[in-house]
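>
There are 2 protein chains.
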Amino acid sequence: MPGQSAQGELPSDRVVAALRARIVDGGLAPGDRVPSTRALAVEHGVALSTAARALTLLRDAGWVRTVPRVGSVVADPRGGEPVRPRRGGTPTREDVAAVAVELADVDGLVTLSMRRVAAAFGVPTMSLYRIVRGKDDLVVGMIDTVFASAALPAGTGPARARLEALARRQWRLHRRHPWLARALSLSRPQASPALLRFAEAELAALEAVVDDPITRFDLHIAITSFVRGMAVELAAELDAEADTGIDADTWAGQDTTLHEHLRRHGGPALRRVGDYPFDLQRIFDTGLRALLDGVTISS
Amino acid sequence: MPGQSAQGELPSDRVVAALRARIVDGGLAPGDRVPSTRALAVEHGVALSTAARALTLLRDAGWVRTVPRVGSVVADPRGGEPVRPRRGGTPTREDVAAVAVELADVDGLVTLSMRRVAAAFGVPTMSLYRIVRGKDDLVVGMIDTVFASAALPAGTGPARARLEALARRQWRLHRRHPWLARALSLSRPQASPALLRFAEAELAALEAVVDDPITRFDLHIAITSFVRGMAVELAAELDAEADTGIDADTWAGQDTTLHEHLRRHGGPALRRVGDYPFDLQRIFDTGLRALLDGVTISS
DNA sequence: CCTGTCTCGATACGGTGTACGAGCAGGAAC
DNA sequence: GTTCCTGCTCGTACACCGTATCGAGACAGG
Chain A
1 MPGQSAQGEL PSDRVVAALR ARIVDGGLAP GDRVPSTRAL AVEHGVALST AARALTLLRD
61 AGWVRTVPRV GSVVADPRGG EPVRPRRGGT PTREDVAAVA VELADVDGLV TLSMRRVAAA
121 FGVPTMSLYR IVRGKDDLVV GMIDTVFASA ALPAGTGPAR ARLEALARRQ WRLHRRHPWL
181 ARALSLSRPQ ASPALLRFAE AELAALEAVV DDPITRFDLH IAITSFVRGM AVELAAELDA
241 EADTGIDADT WAGQDTTLHE HLRRHGGPAL RRVGDYPFDL QRIFDTGLRA LLDGVTISS
Chain B
1 MPGQSAQGEL PSDRVVAALR ARIVDGGLAP GDRVPSTRAL AVEHGVALST AARALTLLRD
61 AGWVRTVPRV GSVVADPRGG EPVRPRRGGT PTREDVAAVA VELADVDGLV TLSMRRVAAA
121 FGVPTMSLYR IVRGKDDLVV GMIDTVFASA ALPAGTGPAR ARLEALARRQ WRLHRRHPWL
181 ARALSLSRPQ ASPALLRFAE AELAALEAVV DDPITRFDLH IAITSFVRGM AVELAAELDA
241 EADTGIDADT WAGQDTTLHE HLRRHGGPAL RRVGDYPFDL QRIFDTGLRA LLDGVTISS
């Protein structure tokens, strides 16, 4: 589908790529004027707004800079930061992400649509697309927002305690934002500064425990995966609870069939567990302890 | 959206619940005729097809049985199995799930739509809804199909080896069906016979290692979560690879910005890792070893 | 004032899941 | 033999999604 949001196939990206190519070739030197919106439009056979979008993207990436009343000019590669998002009344990426996070916290990720975010923001739907590249990008921004909101635990003390604190911190984030697990599983791994800070802290703690740098990084990913896997379970649990509240009867019906299934297909080991108090916090604690035991044992 | 497919709120469920209530009350005894489709439709103010669907659901659940040319009749509770899905030319739930699995294996879960499944099956779209309850139900069926296709490793030998084999088997399933992780994270935990078989085997192996039944079940969930968390990573990796193939240029561009991000936001510990060969199989092995070390250590 | 440039927002497109109800084949009853 | 009435089939329609496109307006320079 066209709404698949497979980033990289959009017409504006083709224009961006072409211009970037001309810049790195030297065909366009720093200071040179880049073709105007209209020129780009006829040159590439696209709509004006598409060309305008391409220019915006180039500017946000730091390739060109906009000189008011003149046009866009190739930026100096040494020219410092990739242009701060223009301040002023216009909402920033962070603002939009923050609003979307609030919305998702209340209603979940499924009902989060661009239209709804825009409405909550008080702007027309399509105006969002000047601030974020699309829904995927918005979700990445939300993830970044959430992880940026979490303070890192102290980087001192015993390594084991630091690792535990870091995992717990992430787990708390998932408790607060149940959509997070689903969002992480849906999005590609993006380079999010806030996520990198967590990775950095965890790797630093692991240095005291694991010598081999590759194994160290492996274990970092393994721990993260464990936390996220548990978070997925948590999200599912919360969903189920929400459903129970709405429709207790149906749930009860499913419950009986669940028990029936368990009786029919579950073997002796499953039955031997008996009455099991399902408490994800305890499960998380137990699992994390085991995992960290295993990590520290190899030192 | 109305297609949110929150199971349990459908009008047909209300009808089902009402009829079930009348049956358990004794208002409708075994052998009694249940109201006809049309009668149900006017009684509950729903469409004919909704009423028909309700009857189908009741029959599949074994509450009633259809006497051709007469109507539906309350089934004898002792009457054995909940009615085999009628054999013959009509495709069964398993058939549909199998086709959907093939489709998802090739094209991924995102492009899997009811229309596409129906087309691949050669039936009209809406005919699927007589076989599965909706897309969520179809996905659950797909999960069940996949797990049912996997043979369980031998239930003998050292517990540690059995646990490892079980985790590996699940991991292999995720390698073969990259959509599986996403499907599991999206769906509620359903009582799937095939999944229960895995749980049973894992619990049996854990019995030799963990005495406390609650801790044992906790660790079972923890191990499963770890595997699934790693599988999510795997799915993301495969997605990224697919994108690279299609659009190497864009990916290269993202790569530079990724490295830039890493340089800017990554701390010393991240840099000290140096060149890291990203290989999820090795990461999985390392992580699993650590986790199982931690599990067996507490014995 | 004109004119080239940028900004904005409505509209439209192609997709989704699924509720709905008109039409159908065929045995039962008259 | 006709007329009901059954359950079944499936084409249509709805509400919603993400987002590309484009026309109309804002604004500064000449």
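Top to bottom, those sequences are chains A and B. The opening position of the first sequence corresponds to residue 1 in UniProt numbering, with each subsequent residue numbered one higher. The opening position of the second sequence corresponds to residue 1 in UniProt numbering, with each subsequent residue numbered one higher. Note that CB positions come from ideal geometry on N, CA and C, so glycine has one too. A quick note: this is a predicted structure, and the numbers were derived from the prediction, not measured.
#1: Tell me which residues share the same chain as Asp32 of chain B and place their Cβ nearer than 6 Å to its Cβ, disregarding the 5 neighbours each side in the sequence.
#2: Going by alpha carbons, who is nearest to Glu164 of chain A out of A:Ala242, A:Pro178, A:Gly294 and A:Val15?
#3: Please work out which residues of its chain come closer than 7 Å, Cβ to Cβ, to Glu237 of chain A, disregarding the five sequence neighbours upstream and downstream, and give them in chain order.
#4: Find the nearest neighbour of Leu270 of chain A within the set B:Tyr276, B:Glu200 and B:Ile283, judged by alpha-carbon distance.
#5: Measuring alpha carbon to alpha carbon, tell me which of B:Leu28, B:Leu203, B:Leu55 and B:Leu180 ends up nearest Gly266 of chain A.
#6: Which partner residues of Thr66 of chain B appear in the DSSP bridge assignment?
#7: Would Glu207 of chain A and Arg197 of chain A be called neighbours here (beta carbons separated by less than 8 Å)?
#8: Closest Cβ-Cβ distance between Ile143 of chain A and chain B: below 8 Å?
#9: Tell me which residues share the same chain as Leu57 of chain B and place their Cβ nearer than 7 Å to its Cβ, disregarding the 5 neighbours each side in the sequence.
#10: With a 10 Å radius around its C-beta and 16 neighbouring C-beta atoms as the bar for buried, classify residue 312 of chain B as buried or exposed.
#11: Is Ala272 of chain A buried or exposed, if buried means 16 or more other CB atoms sit within 10 Å of its CB?
#12: Please go through the same chain and pick out, in chain order, the residues whose beta-carbon is closer than 7 Å to the beta-carbon of Thr125 of chain B, but skip the five residues on each side of it.
#13: So, is the C-beta of Glu207 of chain B closer than 8 Å to a C-beta in chain A?
#14: Does any residue of chain A bring its CB to less than 8 Å from the CB of Pro153 of chain B?
#15: Can you give the Cα-Cα distance for Leu55 of chain B and Val46 of chain B, rounded to whole angstroms?
#16: DSSP on Arg172 of chain B, reduced to helix/strand/coil?
#17: Return the CA-CA distance between Asp95 of chain B and Thr224 of chain A, expressed in angstroms with no decimal places.
#18: Per DSSP, Arg33 of chain B is paired with what?
#19: Using a threshold of 8 Å, state whether the C-beta atoms of Arg188 of chain B and Thr296 of chain B are closer than that.
#20: For Val117 of chain B and chain A, any beta-carbon pair shorter than 8 Å?
#21: Starting from the beta carbon of Val295 of chain B, find every residue of chain A whose beta carbon is closer than 7 Å, and list them in chain order.
#22: Straight-line CA distance for Asp218 of chain A to Val146 of chain B?
#23: Indicate whether Ile143 of chain A and Leu184 of chain A have their beta-carbon atoms separated by less than 8 Å.
#24: Helix, strand or coil for Ser192 of chain A? Go by DSSP, reduced to three states.
#25: Assuming Val132 of chain B contacts Gly122 of chain B (C-beta within less than 8 Å), just tell me the rounded distance between them.
#26: In angstroms with no decimal places, state the Cα-to-Cα distance between Val209 of chain B and Trp171 of chain B.
#27: Give the range of the alpha helix (DSSP H) segment to which Val146 of chain B is assigned.
#28: According to DSSP, is Pro91 of chain B part of a helix, a strand, or is it coil?
#29: Would you mind reading off the limits of the alpha helix (DSSP H) that contains Phe284 of chain B?
#30: If you count every other CB in all the chains shown that lies within 10 Å of the CB of Val139 of chain A, and 16 or more means buried, which is it?
#31: Establish whether the CB of Pro85 of chain B and some CB of chain A are separated by less than 8 Å.
#32: Tell me the rounded alpha-carbon separation between Ala150 of chain A and Ser192 of chain A.
#33: Return helix, strand or coil for Asp239 of chain B, following the three-state DSSP convention.
#34: What distance in whole Å lies between the Cβ atoms of Val232 of chain B and Ala167 of chain B, which are believed to be in contact at a cut-off of 8 Å?
#35: So, at 8 Å on beta carbons, what are the nonlocal neighbours of Arg175 of chain B in its own chain, with the 5 sequence-adjacent residues on each side left out?
#36: Determine, using beta carbons only, whether Asp136 of chain A comes closer than 8 Å to chain B.
Let me lay it out:
#1: By 1-based counting over the second sequence, the position of residue 32 of chain B is 32. Taken in chain order, the residues that qualify are Val74.
#2: What you label residue 164 of chain A is simply residue 164 of the first sequence in a count that begins at 1. Among A:Ala242, A:Pro178, A:Gly294 and A:Val15, the Cα nearest to that of Glu164 of chain A is on A:Gly294.
#3: For the purposes of this step, residue 237 of chain A is identified with residue 237 of the first sequence, where counting begins at 1. Answer for Glu237 of chain A: Leu280, listed in chain order.
#4: Taking the first sequence and counting its residues from 1, one reaches residue 270 of chain A at position 270. Closest option to Leu270 of chain A, Cα to Cα, is B:Glu200.
#5: Taking the first sequence and counting its residues from 1, one reaches residue 266 of chain A at position 266. Comparing Cα positions, the closest option is B:Leu203.
#6: Locating residue 66 of chain B in the second sequence gives position 66, counting from the first residue. Beta-bridge pairing links Thr66 of chain B to B:Ser72.
#7: Position 207 of the first sequence, counted from the start, is the residue given in the question as residue 207 of chain A. Position 197 of the first sequence, counted from the start, is the residue given in the question as residue 197 of chain A. No, the Cβ-Cβ distance between Glu207 of chain A and Arg197 of chain A is not below 8 Å.
#8: Along the first sequence, one-based indexing puts residue 143 of chain A at 143. No, its Cβ sits nowhere closer than 8 Å to a Cβ of chain B.
#9: Counted from its first residue, the second sequence places residue 57 of chain B at position 57. Cβ within range, chain order: Ser12 and Val16.
#10: The question about residue 312 of chain B has no answer here: the residues shown for chain B are numbered 1 through 299.
#11: Within the first sequence, the letter at position 272 stands for residue 272 of chain A. Ala is not the amino acid found at residue 272 of chain A; the sequence shown has Arg there. Arg272 of chain A comes out exposed.
#12: Sequence index remark: in the second sequence, residue 125 of chain B carries index 125 (1-based). For Thr125 of chain B, where only same-chain residues beyond five positions count, the Cβ hits under 7 Å are Met114, Arg115 and Ala118.
#13: The residue given as residue 207 of chain B occupies position 207 in the second sequence. Glu207 of chain B counts as touching chain A.
#14: In the second sequence, counting from the first residue as 1, residue 153 of chain B sits at position 153. Not closer than 8 Å to any Cβ of chain A, the Cβ of Pro153 of chain B fails to qualify, so no.
#15: Taking the first residue of the second sequence as 1, we reach residue 55 of chain B at position 55. Taking the first residue of the second sequence as 1, we reach residue 46 of chain B at position 46. The alpha-carbon atoms of Leu55 of chain B and Val46 of chain B are separated by roughly 13 Å.
#16: Working through the second sequence from its first residue, we reach residue 172 of chain B at position 172. Helix at Arg172 of chain B.
#17: Residue 95 of chain B sits at position 95 when you count from the first residue of the second sequence. Residue 224 of chain A sits at position 224 when you count from the first residue of the first sequence. Roughly 37 Å separates the two Cα atoms.
#18: As a first step, residue 33 of chain B must be located in the second sequence, where it is residue number 33. DSSP, once it has assigned bridges, lists B:Val73 as partnering Arg33 of chain B.
#19: Within the second sequence, residue 188 of chain B is the residue found at index 188, counting from 1. Within the second sequence, residue 296 of chain B is the residue found at index 296, counting from 1. The answer is no: Cβ separation not under 8 Å.
#20: Counting from one through the second sequence, the residue named residue 117 of chain B turns up at place 117. Output row for Val117 of chain B: interface = no.
#21: The sequence position of residue 295 of chain B within the second sequence is 295, counting from 1. The contacting residues are Ala290.
#22: The residue given as residue 218 of chain A occupies position 218 in the first sequence. The residue given as residue 146 of chain B occupies position 146 in the second sequence. Near 28 Å, if we compare the C-alpha coordinates of Val146 of chain B and Asp218 of chain A.
#23: The residue labelled residue 143 of chain A in the question sits at position 143 within the first sequence. The residue labelled residue 184 of chain A in the question sits at position 184 within the first sequence. For Ile143 of chain A and Leu184 of chain A, yes; Cβs fall inside 8 Å.
#24: For the purposes of this step, residue 192 of chain A is identified with residue 192 of the first sequence, where counting begins at 1. Coil at Ser192 of chain A, not helix or strand.
#25: As a working mapping, residue 132 of chain B is identified with position 132 in the second sequence. As a working mapping, residue 122 of chain B is identified with position 122 in the second sequence. About 16 Å; that fails the 8 Å criterion.
#26: Counted from its first residue, the second sequence places residue 209 of chain B at position 209. Counted from its first residue, the second sequence places residue 171 of chain B at position 171. C-alpha separation (whole angstroms): 22 Å.
#27: Residue numbering aside, residue 146 of chain B sits at position 146 when the second sequence is read from its first letter. That run of the alpha helix (DSSP H) goes Lys135 to Ser149.
#28: Residue numbering aside, residue 91 of chain B sits at position 91 when the second sequence is read from its first letter. Here Pro91 of chain B sits in coil by DSSP.
#29: Residue numbering aside, residue 284 of chain B sits at position 284 when the second sequence is read from its first letter. Here the alpha helix (DSSP H) through Phe284 of chain B covers Leu280 to Ile297.
#30: On the first sequence, position 139 is the one that residue 139 of chain A refers to. It is buried - the Cβ of Val139 of chain A has at least 16 other Cβ atoms within 10 Å.
#31: Translated into positions along the second sequence, residue 85 of chain B becomes position 85. Reliability fails at Pro85 of chain B, whose pLDDT of 42 lies under 50, so the model's placement of it is uncertain and the value that follows must be treated cautiously. No, because no Cβ of chain A sits closer than 8 Å to the Cβ of Pro85 of chain B.
#32: The residue given as residue 150 of chain A occupies position 150 in the first sequence. The residue given as residue 192 of chain A occupies position 192 in the first sequence. Their Cα atoms are separated by approximately 14 Å.
#33: Locating residue 239 of chain B in the second sequence gives position 239, where the first residue counts as 1. The answer is helix: DSSP assigns Asp239 of chain B an H, G or I state.
#34: As a position in the second sequence, residue 167 of chain B is number 167, starting the count at 1. As a position in the second sequence, residue 232 of chain B is number 232, starting the count at 1. Between Val232 of chain B and Ala167 of chain B the Cβ distance is about 15 Å, and since that is not below 8 Å, they are no contact.
#35: By one-based count along the second sequence, residue 175 of chain B stands at place 175. Once the five neighbours on either side are set aside, the close Cβ partners of Arg175 of chain B are Leu234.
#36: Along the first sequence, read from residue 1 onward, the residue named residue 136 of chain A stands at position 136. Not closer than 8 Å to any Cβ of chain B, the Cβ of Asp136 of chain A fails to qualify, so no.
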